[in-house]
Amino acid sequence: MKRRFLDFIELASRSQKPRTKGLTTFGDRGYPLDWIRGMLEAYGDYIDVVKFTPTCLLAPWDDIEKKVNLYRSHKVGVGSDDPIFAIPYYQGKADQALHTLREVGFTHVQIDTRHVELENTGAVEKADADEQRYFALARDLGFKVVGEVGKKWPKGDRMRAGKGSLNIAATVTEVKRLLALGCEQVYLESRVIREAIGDYGEREEGTRQIFEIVNAVGIDRVFIEISGQLPFDTRQCHRFWAVRNFGPEVNMGGGGSIEEARYVEAIRRGITFVGGGRTTSKLWIKSLARHEGVAAPEWWKEDYEIDAALITTRSS
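Under my numbering, the first residue of the sequence shown carries the number 96, and numbering increases by one thereafter.
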């Protein structure tokens, strides 16, 4: 790790690379190589994995290879989003895709044989059998496999119970199934989390339900997904909510850009203001002030109230 600016000022402790917890993932948004290089030189120590989305299939081959090599040189893992597997899977080219991704230098992959739900029995049985086979192949090739529970839309989503509530038993069962197949971690879908906890973490029942899910499977085995498609203030509030409830070493991921690594890490350290309907942030700094310059061991657990007057209509 490079020398940090004003490194004589102590900050809240954090695990260092290679991490097994407190992981932060982002999406590759197609930015130029030089821009990515600058961001990695400044904040690469706080980024653990970058995930390519299907838009990378439109890019020149050598451009993606250069990006993969650049990420890997900064000890950042490189993953592929589930459609990058699903498309060749439906074309009968999944084996070739997995082998090629590994040759290019990808380290993480999502296996999704049910990207489009097919109702006939034969298709379901084939998807089940193929899922096991491709999980095994991915692991044999040296990939870390990640999974996801919850859908972007309510239809057919077993994680949702309706009206912002979660189907806890079904969610826990699916997470455990994916872990048993060989997933390193499983993402909890961002849109489902938003429905459960609200834009600012104001819905206590949703928080309780997510706690129950996480406690049943283990905090180190799940990612709190925070989609880059959410408004910035909502992303920040969800990050603050995650640290406030699960601590600085919670795994957080999503499709946001790597330029937000500094915001995520500052929230993990309790040193930045977060806008939204709440009366406090900068929890680590407050703990310093209250304990004569030495923050409490669990400084992030300070109680705070949601200011209802500041909670505005949700923006899409």
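Backbone N, C-alpha and C define an ideal beta-carbon position, used for all residues, glycine too.
Run the CB neighbour count on residue i, radius 10 Å, all protein chains shown included, and call it buried at 16 or more, exposed below.
i: F327; result: exposed
i: H333; result: buried
i: D123; result: buried
i: E355; result: buried
i: F335; result: buried
i: S376; result: buried
i: R99; result: exposed
i: S410; result: For S410, the pLDDT reaches just 38, beneath the cut-off of 50, and the residue's location in the model is therefore unreliable, leaving the point undetermined.
i: T115; result: exposed
i: S168; result: exposed
i: A275; result: exposed
i: T408; result: With a pLDDT of 46 at T408, under the threshold of 50, the modelled position of this residue cannot be trusted; read the value that follows with caution. Its Cβ having fewer than 16 others within 10 Å, T408 is exposed.
i: N346; result: buried
i: G301; result: buried
i: S108; result: exposed
i: S110; result: exposed
i: E214; result: exposed
i: G172; result: buried
i: E220; result: exposed
Beta carbon of residue i, beta carbon of residue j: below 7 Å?
i: E307; j: G349; result: no
i: D207; j: A181; result: yes
i: V204; j: F230; result: no
i: W395; j: G342; result: yes
i: V240; j: A233; result: yes
i: G242; j: L273; result: yes
i: L128; j: K170; result: no
i: G200; j: V144; result: no
i: R298; j: I292; result: yes
i: G323; j: E290; result: no
i: Y295; j: G351; result: no
i: G125; j: E344; result: no
i: V338; j: V281; result: no
i: L236; j: R209; result: no
i: I61; j: Q304; result: Residue 61 cannot be examined here, being either before or after the span of the chain that is shown, 96 to 411.
i: R255; j: A265; result: no
i: V369; j: Q331; result: yes
i: V134; j: I353; result: Rather than Val, the amino acid found at residue 134 in this sequence is Met. Yes; because the gap between Cβ atoms is below 7 Å, this pair is in contact.
i: K146; j: D176; result: yes
i: I212; j: G251; result: Note that residue 212 is Glu in the sequence shown, not Ile. Contact: yes.
i: A390; j: L383; result: yes
Give the C-beta separation of residue i and residue j to the nearest angstrom, bearing in mind that I take them to be a contact with Cβ-Cβ under 8 Å.
i: R364; j: W379; result: 6 Å
i: I142; j: T119; result: 6 Å
i: G174; j: T202; result: 7 Å
i: D158; j: M96; result: That belief does not hold up - the Cβ atoms of D158 and M96 are roughly 28 Å apart, past 8 Å.
i: V312; j: K246; result: That belief does not hold up - the Cβ atoms of V312 and K246 are roughly 19 Å apart, past 8 Å.
i: L153; j: I366; result: At roughly 39 Å, the Cβ-Cβ gap does not stay under 8 Å, so L153 and I366 are not in contact.
i: R132; j: L101; result: Rounded, the Cβ-Cβ distance is 24 Å, inconsistent with contact.
The beta strand (DSSP E) with residue i in it runs from where to where?
i: V145; result: V144 to F147
i: S175; result: G172 to S175
i: A256; result: R255 to G257
i: E393; result: First-last for E393: undefined, no H or E at that position.
i: V240; result: K239 to V244
Which stretch, first to last residue, makes up the alpha helix (DSSP H) that contains residue i?
i: E136; result: L128 to Y138
i: T119; result: Looking at the DSSP string, T119 is not in any alpha helix (DSSP H), and its letter there is neither H nor E.
i: K271; result: I263 to L276
State yes or no: is the beta carbon of residue i nearer than 7 Å to at least one beta carbon in chain C?
i: S175; result: This model lacks chain C altogether; it includes just one protein chain.
Inset, instruction - Any chance you could list the beta strand (DSSP E) runs of at least 3 consecutive residues sitting entirely within the segment 345 to 385, in chain order? - result: none
Legend entry - Continuous alpha helix (DSSP H) assignments of at least 4 residues falling wholly in the segment 153 to 208: 156 to 168, 177 to 185 and 189 to 199
Inset, instruction - Please list the segments of the beta strand (DSSP E) lying wholly inside the segment 285 to 326, counting only runs of 3 or more residues, in order along the chain. - result: 317 to 320
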